[in-house]
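In what follows, a structure is listed as C-alpha cells, so that the remarks can point back to it.
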Amino acid sequence: MAKKMIDYLPPFMQQFEEMKQLMQSEDKQVAALNMDTTKILRNAFIETSDAEGIERFERILHIIPGAGENLELRRSRVSMRWNERIPYTHPTLVKCLNASLGENNYDLYSDEEHYYILVHLKLNVADRVGVVEELIRRMSPEDICYKVLLIYNTHAVLHKFTHAQLHNYTHRQLREEVLP
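Each residue of the sequence shown is one higher than the last, beginning at 91 in my numbering.
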C-alpha cells in the first residue's frame, strides 16, 4: 500500500487532529492523482490503451470505428495504421501484419512476377479480415491484386477427435470455429 501523507509529517504534528483530517483528505486526492497518472501512462501506448486511449489514437489517425467493433479489433486497426511506414515494402508489410495479428496467425504469399499477394488468416483472427484487406489496399500499389482468405479447419485438424466428440458440433462449427 502507498505511504500515507501523514507519515511525511514530523511525529509531533501527526498528533494534531486537524493535521490527521487534512492529511486524510490529501490521501484521497493523491490516490486520484496516482490513478490518473497511471491511466495517462497506459493510454500513451496502443497495446495498453483503454477505450478512451484508443479513441484518441483513432482521432489522430482519422480512423472511424465500426458500430459493433470491440476494443481488440479497434486496437488492432490502430496498431496497423500506426506501424505503416513508407516505403511500403514486403518487410514492412510483414512487420505490420506481425504487429496486428501475431507472427503465427497468418501465412503471406507474394508472387512478384504476377503482381499478386495472398494472405491466409487463421480462425482465431478471423474478425480481422477487413482490417488486413484495408492494410494491403493502403500499402500495395494499384497494379497489385490481393486476396485475404481464412484457413478453415481441415481433416488434418479434425482427425485427432473421435466421432462422438465431433457429433456435438454442426458442420459449420467444425469448419469455421477454433476447436479445443
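We put the CB at the ideal spot given by N, CA and C, even for glycine.
Burial check for Gly158: the Cβ neighbour count within 10 Å stays below 16, so the residue is exposed.
In the three-state reduction of the DSSP assignment, His245 falls in the helix class.
The residue from Ser115, Glu202, Ile226 and Asn195 with its alpha-carbon nearest to that of Leu211 is Asn195. Here His210 carries a strand assignment [DSSP, helix/strand/coil]. As the crow flies, the alpha-carbon of Val247 is around 13 Å from that of Gln263. Every alpha helix (DSSP H) stretch that sits fully inside the region 158 to 223 and reaches 4 residues is listed by chain position as 161 to 173 and 180 to 191. For the pair of segments examined, the region 206 to 221 was found to touch the region 231 to 238: the number of CB pairs separated by less than 8 Å reaches three.
At a Cβ-Cβ threshold of 7 Å, Met229 and Leu183 count as neighbours.
If only uninterrupted alpha helix (DSSP H) runs of at least 4 residues are considered, those enclosed by the region 100 to 167 are 101 to 104, 107 to 133 and 141 to 151.
In the DSSP assignment, Ala92 falls outside any alpha helix (DSSP H) and carries neither an H nor an E. Within the DSSP secondary-structure output, Tyr98 pairs in no beta bridge. Counting only the Cα atoms, Cys186 lies some 6 Å from Met170. Contact annotation: Met95 and Glu108 have beta-carbon atoms that are not nearer than 7 Å.
Comparing C-alpha distances from Asn243 to each of Gln119, Leu269, Leu191 and Ala254 shows the shortest one belongs to Leu269. The C-beta distance from Arg149 to Ser139 rounds to 13 Å, too long to meet the 8 Å contact threshold. Under the three-state reduction of DSSP, Leu256 is assigned to helix.
Scanning its chain for C-beta atoms nearer than 6 Å, with the 5 sequence neighbours on each side dropped, one finds around Asn173 the residues Cys186 and Ala189, in chain order. C-alpha of Val215 to C-alpha of Leu123: approximately 37 Å in a straight line. Short of 6 Å from the beta carbon of Tyr206, and not among the five residues preceding or following it, lie these beta carbons of its own chain, in chain order: Cys235.
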